[in-house]
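Protein chains in written order, with UniProt numbering: chain W, 1 to 452; chain H, 1 to 561.
Here a beta-carbon is modelled for each residue, glycine too, at the ideal position from N, C-alpha and C.
Note sheet for the following structure.
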């Protein structure tokens with residue numbers, strides 16, 4: 001075993017809250033702090049604690065289209081949470097540490113490519129920002145993201161839906177019973193990245209046994225098969241049996257078992273709002289699992305082995321789903337994509353996105369160019385409406401880092417065309433091949449550009 | 001007039017300060033009989049000064065540190081109550097250790113009660129092994145001391161003559177393993193510490209000194225001597241704090257400097273940032289055991305004037321061991337001091353012997369004496385400058401848990417390198433040149449530690465944690481746990497309560513006049529929401545008296561005490 005340490009960044013943001021009584025408030029990681037400090041975790045020889053750092057505005061523009069600008073959507077706390085994730089990413093790639101855990105808030109996995117506001121307590125997507133950063137800074141290509149939050153990681157799914165080099169697996173409470181209401185088995189990625197998105201909606205009440213079944217039989221083999229250069233875990237902790245927002249029955253021990261089996265390079269904290277009864281125990285157990293230390297003494301005070309019995313119907317339902325997904329994964333390169341996605345230059349999907357935190361309604365038309373040589377550029381037309389205010393219309397173009405020359409050129413032509421159209425308040429261009437981000441403000445007739 | 005005395009293992013240093021000026025200094029060898037060396041030092045500095053004029057005496061000592069290093073203390077049995085969490089395999093302390101079932105959580109709620117039979121069994125076992133000292137330490141005992149108190153009272157009931165120390169009384173911060181170590185060391189050194197205090201009192205009485213008497217703590221603050229018998233562990237490592245404060249006093253206010261104290265086998269590094277010595281973000285390590293003792297950030301680098309230098313193949317290596325004095329002083333092997341002698345950077349010992357030493361190293365490599373000497377000095381400087389840079393990086397890399405803390409992080413580099421200690425003069429110019437600073441060897445550098453003691457001021461902190469939902473609060477430094485009387489209890493009430501405790505503490509230590517100026521260093525408020533209803537608040541507040549020193553030497557200014 002490697003003698004390298006596990007890197008930790010603990011950023012509880014004790015002076016930041018969405019509002020004083022919001023679940024995403026100062027208190028959220030207080031008891032986690034108490035537990036890990038009292039245990040002396042930071043003194044363990046297997047642990048190295050890093051200082052948080054700030055992400056740059058460009059790091060965020062590389063991933064998101066923030067409307068109208070990055071500055072208007074993020075607070076310093078967001079920059080620190082994202083920046084801390086990047087710090088650990090650097091340290092893992094540089095070989096300073098064997099793996100890392102960004103125990104940070106605010107979370108990010110509901111933040112999509114276009115950001116009109118905060119949804120699901122998220123403004124910017126820490127994992128997605130990390131992936132684009134690792135690609136740009138360290139030449140990483142293939143990444144697996146496993147989302148273990150009780151809520152579907154719809155933001156991460158949205159951002160990588162057309163990216164064949166990102167495998168995104170999310171298991172979560174069935175979207176028919178919980179925010180954001182998505183994450184069903186038929187959401188499998190776009191034509192260029194078919195089956196690189198896999199969703200496992202679990203029935204409410206699912207306990208450890210089924211959780212481990214999904215991990216052992218679906219998550220681990222698919223991740224292994226995908227052969228990623230780096231594995232990221234979006235570690236939401238709201239599948240815990242005491243979570244006030246979720247209705248699942250996972251234990252801290254099971255979270256640690258999952259971590260030990262998946263061996264993620266980076267774990268990024270997402271949701272989890274049982275701040276007393278779950279978080280101190282799950283966070284401690286995950287840290288110990290990453291460090292290769294014994295976590296068998298970590299136990300919730302009200303838990304006893306055998307407390308939760310899995311119902312046979314639930315189990316057989318999930319077994320069937322896993323079989324079906326495994327088949328989809330196995331045949332991913334043999335399916336007739338035209339039959340599923342249709343023909344034509346573009347594949348398009350229409351989205352209606354609700355920002356629950358900020359009461360914004362967004363209508364989006366996303367088109368991806370079908371290109372034989374690359375994943376194709378993405379065109380987004382979006383209209384965000386907040387209360388009775390004048391809606392904001394934007395047009396955004398994203399050129400993936402794998403883009404071919406032809407796609408890149410075409411994307412720039414489209415950007416110039418749309419700058420001239422009166423319909424859009426802001427026009428954006430995100431060219432990941434050259435790491436250039438541009439934005440055009442129609443009213444001011446002004447263009448901004450940042451380069452990495 | 002103020003007196004500062006540093007009682008070290010080899011030397012006892014003393015200074016007499018008069019209105020910010022050094023009136024007299026003394027360096028006398030420490031003897032086993034502390035009283036006689038104290039008297040000798042006092043007599044040297046007080047020549048012609050009537051004892052009534054001495055307003056204040058401050059001691060610093062490494063005696064306790066030395067006791068720990070040499071393991072010259074009585075065995076202490078440990079009764080630990082870790083409950084769930086880390087594997088109990090972590091709790092190995094080289095002494096009889098009993099882990100008994102029981103648990104308290106982070107809010108101070110009892111999860112699992114103690115059983116008397118477990119305590120009694122541990123005590124019986126300790127008794128059979130001949131232990132008479134016990135440290136009782138529980139996880140989260142600082143949130144609820146019930147279990148530790150139960151253990152202590154049971155032990156006392158069974159063996160009234162035993163000495164029992166409780167974790168929450170000694171180590172109030174969150175960190176159970178460090179609490180166990182700190183409590184054990186406190187328990188182990190208490191008697192020896194009382195002996196030191198008695199010797200000091202005796203010496204002062206014999207010379208008729210009736211001024212206030214203080215002892216320096218590792219964080220650079222002082223405590224009245226007669227009040228600290230409770231926590232001797234706080235005075236460990238006051239040696240490095242003394243020389244750092246001494247440098248602070250010898251520099252103009254507001255400087256950013258590196259303090260380099262080059263001794264025989266180790267070099268101690270400390271930082272003064274904007275005029276204030278940097279505090280360590282975590283407790284001091286005591287011979288590889290991590291404690292909760294608040295201390296200045298001092299880094300010990302294992303290289304000094306007497307370090308062994310050897311040729312291995314075609315390499316010349318500087319080792320961390322010391323085999324004896326430098327060759328030029330009759331020692332067995334070449335050392336960096338010999339190199340300095342050859343380069344004319346010190347007047348120490350025999351020049352001829354020093355040349356011999358360098359020749360021994362250089363001849364097989366075909367290098368001249370001065371080439372070898374330059375190489376050796378460069379190697380020492382490489383080690384020290386690298387550690388200085390790392391110390392600054394470490395400071396910049398200190399964790400931050402609040403947005404404002406991240407945003408106020410600054411990058412600072414020193415303007416000067418200040419040398420103290422025996423080996424300083426030869427190295428300091430080159431160290432400073434390497435990192436682009438001005439070299440400074442202040443006057444009185446050899447007694448900087450005693451000056452540091454003399455100018456140190458009392459400091460008091462109070463950390464209050466109030467949990468309005470549970471209706472109780474704790475005072476970290478006092479091990480106190482009490483009920484919140486006021487309802488509703490707001491942020492201002494919490495701050496007021498913390499300040500009241502600071503006043504109480506000041507009075508307890510006879511420092512009532514200290515608390516006119518206080519500062520708040522932490523003020524966290526956590527709203528508790530359960531089932532969508534605000535059920536209470538947790539206030540986490542720290543107040544303290546300002547840090548500082550009595551006077552800057554030579555400027556004639558005089559602060560208030």
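{"query": "Cβ pair count under 8 Å reaching 3, the segment 153-161 of chain W against the segment 427-436 of chain W", "result": "no"}
{"query": "With 16 other Cβ atoms within 10 Å as the buried cut-off, status of residue 562(H)", "result": "The structure shown has nothing for residue 562(H), since chain H only spans 1 to 561."}
{"query": "Burial state of residue 53(W) (16 or more Cβ within 10 Å)", "result": "buried"}
{"query": "Those runs of the beta strand (DSSP E) which lie wholly inside the segment 59-125 of chain W and span at least 3 residues", "result": "97-104"}
{"query": "C-beta contact flag for residue 151(W) and residue 120(W) at 8 Å", "result": "yes"}
{"query": "C-alpha gap between residue 243(H) and residue 138(W), whole angstroms", "result": "46 Å"}
{"query": "9 Å Cβ cut-off: residues of chain H touching residue 25(W)", "result": "526, 527, 529"}
{"query": "Cβ contact (3+ pairs, closer than 8 Å) linking the segment 92-103 of chain H and the segment 111-126 of chain H", "result": "yes"}
{"query": "Close-in-space but distant-in-sequence residues of the same chain around residue 156(H) (CB under 8 Å, 5 per side omitted)", "result": "162, 164"}
{"query": "Which listed residue (292(H), 206(H), 80(H)) has its alpha carbon closest to that of residue 182(H)", "result": "292(H)"}
{"query": "Neighbour-count burial assignment, residue 214(H), 16 or more Cβ in a 10 Å radius", "result": "buried"}
{"query": "Start-end ranges of the alpha helix (DSSP H) lying completely within the segment 238-268 of chain W, minimum 4 residues", "result": "252-262"}
{"query": "Per-residue burial, residue 218(H) [other beta carbons within 10 Å of its own, 16 or more giving buried]", "result": "buried"}
{"query": "Start and end residues, beta strand (DSSP E) containing residue 347(W)", "result": "346-355"}
{"query": "Extent of the continuous alpha helix (DSSP H) to which residue 446(W) belongs", "result": "Looking at the DSSP string, residue 446(W) is not in any alpha helix (DSSP H); the run it does join, the beta strand (DSSP E), is 446-451."}
{"query": "Cα-Cα separation between residue 288(H) and residue 170(W), rounded to whole angstroms", "result": "45 Å"}
{"query": "Rounded straight-line distance, which links the Cα of residue 409(W) to that of residue 135(W)", "result": "21 Å"}
{"query": "Own chain residues within Cβ distance below 6 Å of residue 137(H), not counting five before or after", "result": "80, 167, 179, 180, 183"}
{"query": "Backbone CA spacing between residue 108(H) and residue 142(H) [nearest angstrom]", "result": "8 Å"}
{"query": "Of the listed residues 236(W), 105(W), 254(W), 189(W), nearest to residue 212(W) (C-alpha basis)", "result": "254(W)"}
{"query": "First through last residue of the beta strand (DSSP E) which encompasses residue 462(H)", "result": "461-467"}
{"query": "Through-space distance from residue 71(H) to residue 152(H), alpha-carbon basis", "result": "25 Å"}
{"query": "Status (buried if at least 16 other CB within 10 Å, exposed otherwise) for residue 19(W)", "result": "exposed"}
{"query": "Proximal residues to residue 400(H) (C-beta, below 6 Å), its chain only, five neighbours per side dropped", "result": "406"}
{"query": "Status (buried if at least 16 other CB within 10 Å, exposed otherwise) for residue 206(H)", "result": "exposed"}
{"query": "Reference residue 327(H); option with closest CA among 320(H), 509(H), 342(H), 315(H)", "result": "342(H)"}
{"query": "Reduced DSSP secondary structure (H/G/I, E/B, other) of residue 3(H)", "result": "strand"}
{"query": "Other residues of its chain near residue 503(H): CB distance less than 7 Å, five sequence neighbours each side excluded", "result": "515"}
{"query": "Helix, strand or coil at residue 460(W) according to DSSP, with G and I counted as helix", "result": "Because chain W in this structure spans residues 1 to 452, residue 460(W) falls outside the shown range and cannot be described."}
{"query": "Cutoff 8 Å: residue 323(H) Cβ touching any chain W Cβ", "result": "no"}
{"query": "Alpha-carbon to alpha-carbon, residue 219(W) and residue 323(W)", "result": "12 Å"}
{"query": "Residue 111(H), enclosing beta strand (DSSP E) - first and last residue", "result": "110-112"}
{"query": "Residue 296(W): contacting residues in chain H (beta-carbon distance under 8 Å)", "result": "87"}
{"query": "Neighbour flag for residue 51(W) against chain H, beta carbons, 8 Å", "result": "yes"}
{"query": "Whole-Å CB distance - residue 453(H) paired with residue 58(H), under 8 Å assumed", "result": "4 Å"}
{"query": "Residue 415(H) to residue 11(H) span [Cα, whole Å]", "result": "31 Å"}
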